[in-house]
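*Asks:* Questions regarding the structure given below will be posed in turn.
Numbering (the working numbering), first residue to last: 90 to 558.
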């Protein structure tokens, strides 16, 4: 019973409480917070998968039983929801006090606030935006901070939620305390999204569980296409749900990848329907292969990554996205990453965005190649041609011609590139474009036939490829 929230739930309910691999992850997060190893946890998963029951009910109950002099705060979009969690915990203590070894203070038994008898521990339930003056906590749980998509789409509500997060909740946490945010991702700029973009994002432990696995780096080790909780919600069930709720709701609530309401320039179907396996691609002969680099620190304020993407063109004019080695890295690291990718793909050129680096881009690549020659990785091999490109038109005018090639079925992704693909399908004109996507656009623009990129826009009368960047 002391082992985890799930173990406690099993004893109290006589094994009637659900247990599943994804709930094991929630249990481990609670253990980590209790032991002081985790102080910031962000948990996202689909509706009806037990996240609130385990993380906002059994977890706090287990914690109070184990640490009877510590206090908790539970906050939700409404007092009804947070007090519902408080009522569950209070009533369970009242009914099973002998089994649990804790009792309620007779003078403090309200659903929104109760204390343990003879100890300092207790719980406060509040709504997002509610005052917490005079109340502190060792652990705070923020469960479903947004009610629905209408609220999620409201800039005013998103701003108020963030203001409350910064100025109220975070000021109530004890020095060695922890915060857990539990949410389905209605909007890309909701509380979880703001946390991701915040300067302290790397301090968070992220448990991001889509209904259907969509990458090879799934926290549960699922293969792409596998359901999160197949015993309750099969892949066939999710397929029906996807049709019923529509693409935006499916992407946001079930896959934890919210899209802007006006839709993106790319459609995920254009990528998925034309995807090519590694085995099928191995039998094709390529006319050209390039690696493109979009260094961090350019126009984008949404990413500090450097985009490093490898692409190819077949003799039939079809284009292929081969590899994505993007990531957070300094100049020397991205130079080595780009050169190593060029070596592995046998690329004939390295395309580098030079708007914000000037001649430095070419120098970085040259120095990295020389380093690989000295180490033996590139000994005796000529450095690929370095093509410095300068963005002459806006991001939409650069991206849309490439997106049109996707729509025409002329671009194929070899295998899965989930982070790059997510950036493509969620980007809309007016947003800062992320570096992975920019690197892919540069590579594909370099490889495409100029006639394929004809946008029909009069001010793009320069037919050279460089005029399209």
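Every residue gets a Cβ at the ideal spot worked out from N, C-alpha and C, and that includes glycine.
(1) Hey, which unbroken runs of the alpha helix (DSSP H) at 4 residues or more fall wholly within the region 157-196?
(2) Residues bridged to residue 203 by DSSP?
(3) Taking DSSP as the reference, what is the three-state secondary structure of residue 295?
(4) At the level of alpha carbons, what is the spacing between residue 313 and residue 254?
(5) Applying the 10 Å Cβ sphere with the 16-neighbour rule, what's the burial state of residue 82?
(6) Can you tell me which of 176, 539, 489 and 238 puts its alpha carbon nearest to the alpha carbon of residue 527?
(7) Helix, strand or coil, according to DSSP, for residue 326 in the structure here?
(8) Please tell me whether residue 342 and residue 317 are closer than 8 Å, where the distance is taken between their beta carbons.
(9) Could you check which residue in 437, 451 and 166 has the C-alpha nearest to that of residue 376?
(10) Report the three-state DSSP secondary structure of residue 531 (helix, strand or coil).
(11) Taking residue 442 as part of the beta strand (DSSP E), name the residues at either end of that continuous run.
(12) Taking all protein chains shown into account, decide if residue 204 is buried (16 or more other Cβ within 10 angstroms of its Cβ) or exposed.
(13) Do the CB positions of residue 364 and residue 514 come within less than 8 Å of each other?
(14) Does the region 174-194 come close enough to the region 207-220 that 3 or more CB-CB pairs lie under 8 Å?
(15) Does the distance from the C-beta atom of residue 269 to that of residue 132 stay below 8 Å?
(16) Just to confirm before moving on: does the CB-CB distance between residue 359 and residue 510 stay below 8 Å?
(17) Extract the residue ranges of the beta strand (DSSP E) inside the region 400-476, only unbroken runs of 3 or more that lie entirely within it.
(18) For my contact list, residue 440 and residue 379 are in at a C-beta cut-off of 8 Å; report their separation, rounded to the angstrom.
(19) Assuming residue 516 contacts residue 397 (C-beta within less than 8 Å), just tell me the rounded distance between them.
(20) Please report the residue range of the beta strand (DSSP E) in which residue 266 lies.
(21) Which residues in the same chain as residue 498 place their Cβ atom closer than 6 Å to its Cβ, once the five residues preceding and following it in sequence are excluded?
(22) Following the continuous beta strand (DSSP E) through residue 130, name the residue where it begins and the one where it ends.
*Replies:* On the basis of the data shown:
(1) 168-184 and 186-189, all fully within the region 157-196.
(2) For residue 203, which the question treats as bridged, DSSP gives the partners 198 and 212.
(3) Three-state DSSP puts residue 295 in a strand.
(4) Just so you know, the alpha carbons of residue 313 and residue 254 end up roughly 34 Å apart.
(5) With the chain represented from 90 up to 558, any question about residue 82 goes unanswered, as that position is not in the structure.
(6) Sorting 176, 539, 489 and 238 by C-alpha distance to the C-alpha of residue 527 places 489 at the top.
(7) Assignment of residue 326 by DSSP, reduced to helix, strand and coil, places it in the helix class.
(8) It is not a contact, given that the beta carbons lie outside the stated cut-off.
(9) By alpha-carbon distance to residue 376, the top candidate from 437, 451 and 166 is 437.
(10) Residue state, collapsed to three classes: helix.
(11) Per DSSP, residue 442 belongs to the beta strand (DSSP E) from 438-442.
(12) Classified as buried, residue 204 has 16 or more neighbouring CB atoms from the shown chains inside 10 Å of its CB.
(13) Not in contact: residue 364 and residue 514 (Cβ atoms no closer than 8 Å).
(14) Contact holds: three or more Cβ-Cβ distances are below 8 Å.
(15) In this structure, residue 132 lies closer than 8 Å to residue 269 by Cβ.
(16) With respect to the 8 Å criterion, residue 359 and residue 510 are not classified as neighbours on the basis of their beta carbons.
(17) The beta strand (DSSP E) runs lying completely inside the region 400-476 and spanning 3 residues or more are 408-413 and 438-442, given in chain order.
(18) A Cβ-Cβ distance of about 5 Å is found for the pair residue 440 and residue 379, placing them in contact under the 8 Å criterion.
(19) Separation of the CB atoms of residue 516 and residue 397 is rounded to 18 Å, and the pair is thereby denied contact status at 8 Å.
(20) For residue 266, the enclosing beta strand (DSSP E) begins and ends at 262-272.
(21) These residues qualify, in order along the chain: 363.
(22) Residues 129-133.
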